[in-house]
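For reference, the structure is listed below as structure tokens.
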Amino acid sequence: GAGSGTNRAMGAVIAGGQSLALVLTLVATPVIYSWLDDLWFGAKRLVGRVGGLFGGGERKSAGQPVTRPAPPEHPAE
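What follows is the structure, encoded as structure tokens:
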């Protein structure tokens, strides 16, 4: 009928946009996140190796070790 060509074109654009959004959110976003995560940890590992070559690989303590509280001397009765 009249205007069916416009409706068909608009339907194709909407379906294409929805398909693209689905692919980007369910496939591309996790893949890119995984790549960036691998790149981040790879860079940290490389910096650690290079630092170890020059004697900077020692780990430094962040403070006192975590200790458990002492058990009570007399058990509760």
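Per the numbering used here, the sequence shown runs over residues 199 to 275. Where a beta carbon is used, it is the ideal one built from N, C-alpha and C, also for glycine.
One Cα belongs to Leu224, the other to His272, and the distance between them is close to 59 Å. Shown here, Thr265 sits in coil according to DSSP, grouped into three states, outside any helix or strand. When DSSP states are grouped into helix, strand and coil, Ala200 belongs to the coil group. Just so you know, the alpha carbons of Ala200 and Ala213 end up roughly 22 Å apart.
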